[in-house]
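Colleague: Would you mind keeping the following structure in view while I ask a few things?
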Amino acid sequence: MSTEYKAWPYREANSILEKLEREQKAGLKRKSERVILETGYGPSGFPHVGTFSEVARTDYVRQALDALSDHDDALLYAFSDDMDGMRGIGLGMPHETLSEHLGKPLSDVPDPFGEHESFAAHMNAKLCSFLDAFGFDYEFKSSAEQYRSGVFDEGLTRIVEHYDAIRERCIKELREENAETWSPFLPTCEHCGRNTTTRVTGVHTEDATVSYTCDGRFNAKILSWEEMDRAKMKQAKKDSPPYWELKTRVQGCGHSGRIPVTGGGLKVGWKVDWALRWYTFGVDYEMYGKDLIESATVAADLVRIMGGEPPVGMVYEWFNDENNQSISKSKGNGVTVETWLEYGPVESLGWFVYQSPEKSKKLFTAKIAQATDQFLKDRARYGVEEEADRVNNPIHFIEQARIAEHGQVGYASDLTFGTLMNMVGVLGTDDPAVVWEMVERYDEDASKNRELIHDMIRCALAQVRDFGEEVRYEAPPEEFGPALEVFLGYLRSGEAHGETAEEIQNRAYAAAKDLELPLGGWFKAMYRLLLGQDRGPRLGTFVSLYGVDESVALIESRLAELAY
Ligand SMILES: [Zn+2]
C-alpha cells in the first residue's frame, strides 16, 4: 500500500515545493540555500497560546517538508517585533514602573521584573523557554537586533531607492489626509527615545537620511487590577473580576533631527517591516491570522517592488474564549501557555493547536482535560497502526522528537486523564507518589509511559486543587439496594482479585441487569456514592484502579457516613 500524505502540514509543504519550483523555472537567485520558515511574535504581553500555536504549526509544516522532499535542513525563525513602540500596558504588568516608558521601543523599556536587560528581553525569554520545553528546533530573532546590527541595512537602502513605488502601493488604501502624512519610517527620537511620537518631515534619497520632528501624541491604555484615579471599570467577560482602564496621553518632546535610515536609528512601519524581513532573509513560508490578510497582500507586493519573492503561507483562524470573544493579550482572557502547562501535559497543547488551523476554536481551561484525553486516544492509535496511517496521525508531528529517540510511542492503557482526576478527588491526596502507586498497581505497563503519566498526575492534582467540582455524596435510591448488595457481595468474596477491569465492569453491569434495573440510574447512583458526582469512569476501571478491598472499604464507609 502506498502512503497517502493527507494531513494538513503536507498540503502546506507542497505549496513550499511549488514555490521553489517556480523560482527555479524563473531562474531567480535565492537569498538562502536552505528553506526559511518564519513566525512572528509581539512581545508586549506574556506569550499566549496563539503565539505558541504559530511556532508549533510551522514546525509541523517543516516536518512535512522533510518527509516529502530532501529539504531536511529548513530553518524556522521565531521573530520578535521587539522594536515596536509600547502603546499600552496590559493586565498583570507593573504599570507604575512601565508608564514613564510608554511610546519607546519595547527593547528599550527596562525590565520591570528586573531579570533581563529590557521588557522585550523578558518576554522573549518567556517565549523561548516555552518553545524549548516543547523541544522545537528554531532560531530566535529579535527585530531590534536586526536593525541595530545592520542586518536590515541593505533592505532599508532598497526601500529608499524604491521609495516612490512603495509609497504609491501603501497609500492606495488610505484616506487622503492620512496619505499625505504617510511615511514608511518611524524614527526613534534622539532626545526622548520614543518611536511612536515622531513624524517624518523629509526623506533625503541622496544621502539616505530622514528628517523628523517629535511632536506626535497618542492615547495609551493602561489596564490594571488595582484601583486607579480617574480610571473606568471594565470586565473582560461576565463573572470575571473587574479591571480598571486608564487612558493616558503620551506626547512627543518637540525635538527635531536628521538620521540615516540604516544603523538602527529607525524602524519601518508594520507592512513595510514585514516585507523587509521577507526580503532580507528570503522567507519561503509564513502563516498568519485572518486579520492580517490585507497586510500580507500589501507586504507581498512590497517585496516584489524591492526585487524579492514573497513567501507562501496559510491563513489561520482565531482562538476565542468560552463566550466566543476573541482572545486579547491585554485583557488576558483565554489561556496563557503557562496556564495550559500547569493543568495539562505539554503534548496536549501540541495536540490542541494541531487540530484544523483554518477553523476557529474555543479555548478555556476546561478544554485542557478534553484535549489531553483526545491526545491519549491518538497516542493509543499510533501505537498499533500501520506506518502508512501513522504519517497522518497528529502524534507523528507533535511527538516527533520522542519518536526519533525511542523509535516508538503508544498508549496501551485505558487510564484516561478524566479518570485520573476522579481518582485524585477520591483519594483526597496532594501527593503524586500516592497516585502513581495506585496507577502502577492497576497497570503494570504504566512505567513504559512513566514520564507522561507522572506529568498527567501533576496536572490532575493541579486541576482538582483549583477547579475541583463540589462533591456531594448520596446514598443510592432504595430500588438499587439489592443490586448494591449483589455487587458488594461479589467484591467481598475476593473473586474480583486478579480479574480485569472489563470483567469487574461486566459484574457491575450484571448486578443491575439481572434485577431488571435501569442501567443508567444504577451507574449514576454508584458515582454519587463513590465520587459525589453524576459522572465518572467505568466502574470496573474505578475498582480495578482503586483496589478491590479498598473499594469495599470505601463503599462501606460512605454508606456508614450517609447512615444508609
Ligand atoms: Zn522626542
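Residue 1620 in this note's numbering sits at position 364 of the sequence shown; the count goes up by one each step and never skips. Every residue gets a Cβ at the ideal spot worked out from N, C-alpha and C, and that includes glycine.
Apart from the five residues on each side of it in sequence, which residues of its chain come closer than 7 Å, Cβ to Cβ, to Gly-1449?
Modeller: Position 193 of the sequence shown, counted from the first residue, corresponds to residue 1449. So the list reads Lys-1360 and Asp-1364, once near-sequence residues are dropped.
Colleague: Apart from the five residues just before and just after Asp-1557, which ones in its own chain have a Cβ nearer than 6 Å to its Cβ?
Modeller: Taking the first residue of the sequence shown as position 1, residue 1557 is located at position 301. Answer for Asp-1557: Arg-1425, listed in chain order.
Colleague: Taking only the alpha-carbon atoms, compute the straight-line gap between Asp-1699 and Gly-1803 and give it to the nearest angstrom.
Modeller: Residue 1699 sits at position 443 when you count from the first residue of the sequence shown. Residue 1803 sits at position 547 when you count from the first residue of the sequence shown. Cα to Cα, Asp-1699 sits roughly 12 Å from Gly-1803.
Colleague: Can the beta-carbon of Val-1554 be found closer than 9 Å to that of Lys-1527?
Modeller: Within the sequence shown, residue 1554 is the residue found at index 298, counting from 1. Within the sequence shown, residue 1527 is the residue found at index 271, counting from 1. Yes, Cβ-Cβ distance for Val-1554 and Lys-1527 is below 9 Å.
Colleague: Could you tell me which whole beta strand (DSSP E) segments of length 3 or greater appear in the region 1665-1738?
Modeller: Taking only runs of at least 3 residues, no beta strand (DSSP E) segment lies wholly in the region 1665-1738.
Colleague: Report buried or exposed for Gln-1664, applying the criterion of at least 16 other Cβ atoms within 10 angstroms of its Cβ.
Modeller: On the sequence shown, residue 1664 is found 408 positions in, with the first residue counted as 1. Gln-1664 comes out exposed.
Colleague: Per DSSP, which one or two residues make a beta bridge with Lys-1488?
Modeller: Start at 1 with the first residue of the sequence shown, and residue 1488 comes out as number 232. Paired residues: Glu-1501.
Colleague: How many whole angstroms separate the CB atoms of Gly-1513 and Thr-1444, which I take to be in contact at a CB cut-off of 8 Å?
Modeller: To locate residue 1513, count along the sequence shown from 1; it is residue 257. To locate residue 1444, count along the sequence shown from 1; it is residue 188. The pair is not a contact, with the Cβ atoms about 10 Å apart (cut-off 8 Å).
Colleague: Can you check whether the CB of Leu-1347 is closer than 9 Å to the CB of Trp-1481?
Modeller: For the purposes of this step, residue 1481 is taken as residue 225 along the sequence shown, with counting starting at 1. For the purposes of this step, residue 1347 is taken as residue 91 along the sequence shown, with counting starting at 1. Contact: yes.
Colleague: Please list the terminal residues of the continuous beta strand (DSSP E) segment that includes Leu-1522.
Modeller: Your numbering for residue 1522 matches position 266 in the sequence shown. Taken as a continuous stretch (DSSP letters only), the beta strand (DSSP E) holding Leu-1522 covers 1522-1524.
Colleague: Using only the alpha-carbon positions, how far apart do His-1357 and His-1351 sit?
Modeller: Walking along the sequence shown from the start, residue 1357 turns up at place 101. Walking along the sequence shown from the start, residue 1351 turns up at place 95. Using only the alpha carbons, I get a separation of about 10 Å.
Colleague: Which class does Phe-1392 belong to by DSSP, given the choice of helix, strand or coil?
Modeller: Against the sequence shown, residue 1392 aligns to sequence position 136. Here Phe-1392 sits in coil by DSSP.
Colleague: Three-state secondary structure (DSSP) at Glu-1772?
Modeller: Within the sequence shown, the letter at position 516 stands for residue 1772. Here Glu-1772 sits in coil by DSSP.
Colleague: Using only CA atoms, which one of Ala-1689, Thr-1756 and Ile-1345 lies nearest to Ala-1476?
Modeller: For the purposes of this step, residue 1476 is identified with residue 220 of the sequence shown, where counting begins at 1. Ranking the options by Cα distance to Ala-1476, first place goes to Ile-1345.
Colleague: Can you have a look at Asp-1686 and say buried or exposed, based on whether 16 or more other CB atoms are within 10 angstroms of its CB?
Modeller: As a working note, residue 1686 is residue 430 in the sequence shown. So Asp-1686 counts as exposed.
Colleague: Three or more beta-carbon pairs under 8 Å between the region 1259-1267 and the region 1493-1509, yes or no?
Modeller: These segments do not touch.
Colleague: Rounded to a whole number of angstroms, what is the C-alpha to C-alpha distance between Ser-1467 and Val-1459?
Modeller: For the purposes of this step, residue 1467 is taken as the residue at position 211 of the sequence shown. For the purposes of this step, residue 1459 is taken as the residue at position 203 of the sequence shown. Straight-line Cα distance between these residues: approximately 7 Å.
Colleague: Give the DSSP bridge partners of Thr-1295, in chain order.
Modeller: Locating residue 1295 in the sequence shown gives position 39, where the first residue counts as 1. Thr-1295 is bridged to Ala-1334.
Colleague: Answer yes or no: do Leu-1332 and Asp-1388 have a C-beta to C-beta separation smaller than 9 Å?
Modeller: Residue 1332 sits at position 76 when you count from the first residue of the sequence shown. Residue 1388 sits at position 132 when you count from the first residue of the sequence shown. Contact: no.
Colleague: For Val-1808 and Ile-1760, which I take to be in contact (beta-carbon distance under 8 Å), what is that distance rounded to the nearest angstrom?
Modeller: For the purposes of this step, residue 1808 is taken as the residue at position 552 of the sequence shown. For the purposes of this step, residue 1760 is taken as the residue at position 504 of the sequence shown. With 8 Å as the limit, Val-1808 and Ile-1760 do not qualify as a contact, their Cβ atoms being about 12 Å apart.
Colleague: By Cβ distance below 8 Å, which residues in the same chain neighbour Glu-1573 in space, the five residues on each side in sequence not counted?
Modeller: Numbered from 1 along the sequence shown, position 317 holds the residue referred to as residue 1573. Around Glu-1573: Gly-1545, Lys-1546, Pro-1613, Glu-1614, Lys-1615, Ser-1616 and Lys-1617.
Colleague: Give me the residue from Thr-1628, Gly-1674, Gly-1341 and Ser-1582 with the minimum Cα distance to Phe-1608.
Modeller: Sequence index remark: in the sequence shown, residue 1608 carries index 352 (1-based). Considering only alpha carbons, the answer is Thr-1628.
Colleague: Looking at the unbroken alpha helix (DSSP H) that takes in Phe-1308, where does it start and where does it end?
Modeller: If you number the sequence shown from 1, residue 1308 lands on position 52. Its alpha helix (DSSP H) spans residues 1305-1324.
Colleague: Would you say the beta carbon of Arg-1313 is closer than 8 Å to some non-hydrogen atom of ligand 1?
Modeller: Stepping through the sequence shown from its first residue, residue 1313 is reached at position 57. False, no ligand heavy atom lies under 8 Å from that Cβ.
Colleague: Confirm, please, whether the CB-CB distance from Gly-1788 to Glu-1730 is below 9 Å.
Modeller: If you number the sequence shown from 1, residue 1730 lands on position 474. If you number the sequence shown from 1, residue 1788 lands on position 532. Yes, Cβ-Cβ distance for Glu-1730 and Gly-1788 is below 9 Å.
Colleague: Using 9 Å as the threshold, is the C-beta distance between Ile-1272 and Val-1305 below it?
Modeller: By one-based count along the sequence shown, residue 1272 stands at place 16. By one-based count along the sequence shown, residue 1305 stands at place 49. Result no, Cβ atoms of Ile-1272 and Val-1305 do not sit closer than 9 Å.
Colleague: If you follow the beta strand (DSSP E) that His-1460 is in, where does it begin and where does it stop?
Modeller: By one-based count along the sequence shown, residue 1460 stands at place 204. Counting along the chain, the beta strand (DSSP E) containing His-1460 begins and ends at 1455-1460.
Colleague: Could you spell out the range, first to last residue, of the alpha helix (DSSP H) harbouring Leu-1358?
Modeller: Walking along the sequence shown from the start, residue 1358 turns up at place 102. Leu-1358 -> no alpha helix (DSSP H), and no H or E assigned at all.
Colleague: Relative to ligand 1, is the shortest distance from any of its heavy atoms to the C-beta of Thr-1465 smaller than 8 Å?
Modeller: Start at 1 with the first residue of the sequence shown, and residue 1465 comes out as number 209. It does not: the Cβ of Thr-1465 is nowhere closer than 8 Å to a heavy atom of ligand 1.
Colleague: Mind checking whether Ala-1381 and Asp-1338 have CB atoms under 9 Å apart?
Modeller: In the sequence shown, residue 1381 corresponds to position 125, counting from 1. In the sequence shown, residue 1338 corresponds to position 82, counting from 1. Not closer than 9 Å, so no.
Colleague: Relative to ligand 1, is the shortest distance from any of its heavy atoms to the C-beta of Arg-1205 smaller than 8 Å?
Modeller: Nothing can be reported for residue 1205: it is not among the residues displayed for the chain, which extend from 1257 to 1820.
Colleague: Around the C-beta of Leu-1717, are 16 or more other C-beta atoms found within 10 angstroms, so that it is buried, or is it exposed?
Modeller: Your numbering for residue 1717 matches position 461 in the sequence shown. When all chains shown are included, Leu-1717 counts as buried.
Colleague: Residues bridged to Thr-1465 by DSSP?
Modeller: Taking the sequence shown and counting its residues from 1, the one referred to as residue 1465 is at position 209. Answer is His-1460 and Pro-1516, bridged to Thr-1465.
Colleague: By Cβ distance below 7 Å, which residues in the same chain neighbour Tyr-1667 in space, the five residues on each side in sequence not counted?
Modeller: Translated into positions along the sequence shown, residue 1667 becomes position 411. So the list reads Leu-1632, Arg-1635, Ala-1636, Gly-1639 and Asn-1705, once near-sequence residues are dropped.
Colleague: How many angstroms separate the CA atom of Thr-1295 from the CA atom of Glu-1542?
Modeller: As a first step, residue 1295 must be located in the sequence shown, where it is residue number 39. As a first step, residue 1542 must be located in the sequence shown, where it is residue number 286. Rounded to whole angstroms, Thr-1295 to Glu-1542 spans 6 Å at the Cα level.
Colleague: Bridge partners for Leu-1479 per DSSP, in chain order?
Modeller: For the purposes of this step, residue 1479 is identified with residue 223 of the sequence shown, where counting begins at 1. In DSSP, Leu-1479 forms a bridge with Glu-1501.
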